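Numbering (this note's numbering), first residue to last: 20 to 298.
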């Protein structure tokens with residue numbers, strides 16, 4: 020009787036092992052079942068995302084509640100076109116001048132909030148910085164807020180981003196992961212290239228970076244330095260909103276060539292190293 024009992028115990032153990040593999044967060048079946056559904060996040064992940072969103076929202080409301088009184092119906096309306104931006108600039112010009120410190124705090128908080136939760140429209144915020152604060156102050160303001168917002172999005176993605184990005188951009192993520200794997204030794208140079216050039220969307224880079232194990236210090240430095248050229252172009256364009264017809268006019272062929280030229284300089288050491296290896 021001992022033999023059949025041992026066989027039964029062994030079969031039970033195998034079933035337990037197979038069940039554990041299927042329930043593992045890294046198992047293909049688990050990820051596949053997530054992707055087959057309409058929404059990939061679990062209840063815990065949705066609760067975590069909502070908690071973070073609530074904390075940021077409360078902070079933003081507290082900041083706005085301490086600002087001097089104004090016509091918030093006009094101030095809080097996010098622009099979606101260049102025409103909307105011109106109207107918003109006219110409404111905010113006096114307010115931003117009279118309450119500069121409070122307005123900058125509200126501006127930075129709004130920009131970081133939008134960047135963290137991937138809300139479209141940050142390019143209009145960058146243009147607005149140039150229109151209201153000029154090139155120098157607007158440039159530093161945009162670089163600071165864009166870097167802070169991207170960093171915040173990085174940590175949010177580290178918390179709940181993996182299933183979401185696998186659901187939204189599975190092919191793009193595989194491509195990004197393969198490119199990062201080939202450039203581990205010069206990952207900072209490659210990240211600089213991606214930030215400077217419009218090769219991949221910044222929103223995708225913010226979300227995908229922690230998923231493909233890019234260290235935060237590399238992500239932060241590449242973001243801080245890499246966003247400078249595009250930020251300068253956008254802020255400078257904000258000064259002459261009257262001459263700007265569409266957001267597409269910001270990045271014409273000449274501007275894109277300049278950005279790719281600057282980006283190519285960042286990966287030049289990697290290219291030279293590979294050339295020496297094959298000589």
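C-beta atoms are modelled at their ideal positions from N, C-alpha and C, and glycine is treated no differently. A quick note: this is a predicted structure, and the numbers were derived from the prediction, not measured.
Using the Cβ count rule (16 or more neighbours within 10 Å means buried), how would you classify residue 138? exposed
Exposed or buried, residue 276, counting other C-beta atoms within 10 Å across all chains shown (16 or more means buried)? exposed
Express the C-alpha separation of residue 74 and residue 127 in angstroms, rounding to a whole number. 16 Å
Since I believe residue 118 is in contact with residue 98 (beta carbons under 8 Å), could you give me their beta-carbon distance rounded to a whole number of angstroms? The Cβ separation is near 20 Å, so there is no contact.
With a cut-off of 8 Å on the beta carbons, I'd call residue 148 and residue 225 a contact; round off their distance for me. About 20 Å; that fails the 8 Å criterion.
Report buried or exposed for residue 280, applying the criterion of at least 16 other Cβ atoms within 10 angstroms of its Cβ. exposed
Assuming contact is defined by CB atoms lying nearer than 8 Å, are residue 80 and residue 260 in contact in what I supplied? no
Take residue 264 and list the residues in its own chain whose beta-carbon comes closer than 8 Å to its own, dropping the five residues that flank it on each side. 101
Touching by the beta-carbon criterion (3+ pairs, under 8 Å), the segment 225 to 236 and the segment 173 to 191: yes
Alpha-carbon to alpha-carbon, residue 255 and residue 219: 23 Å
In the DSSP assignment, the alpha helix (DSSP H) including residue 85 goes from what residue to what residue? It is not in any alpha helix (DSSP H) - residue 85 carries neither H nor E in the DSSP assignment.
Please classify residue 40: does DSSP put it in a helix, a strand, or coil? Bear in mind that the predicted position of residue 40 carries a pLDDT of just 41, short of 50, making it unreliable; the figure below should be weighed with that in mind. In the structure shown, residue 40 sits in a helix (DSSP, three-state: H, G or I).
Between the segment 235 to 250 and the segment 196 to 209, can you find at least three pairs of beta-carbon atoms closer than 8 Å? yes
Does the distance from the C-beta atom of residue 150 to that of residue 252 stay below 8 Å? no
Does the Cβ of residue 133 have 16 or more other Cβ atoms within 10 Å, making it buried, or fewer, making it exposed? buried
With DSSP collapsed to three states, give me the class of residue 205. coil
With burial defined as no fewer than 16 other Cβ atoms inside 10 Å of the residue's Cβ, what is the status of residue 284: buried or exposed? exposed
Taking the continuous alpha helix (DSSP H) assigned at residue 186, which residues delimit it? 141 to 187
Less than 8 Å between the CB atoms is what I'm expecting for residue 233 and residue 278, so what's the real figure, rounded? Contact flag wrong, Cβ pair sits at about 21 Å.
Supposed contact pair residue 171 and residue 222 - C-beta distance, whole angstroms, cut 8 Å: So it is not a contact: roughly 13 Å between Cβ atoms.
With 16 as the cutoff for other CB atoms within 10 Å, does residue 69 come out buried or exposed? exposed
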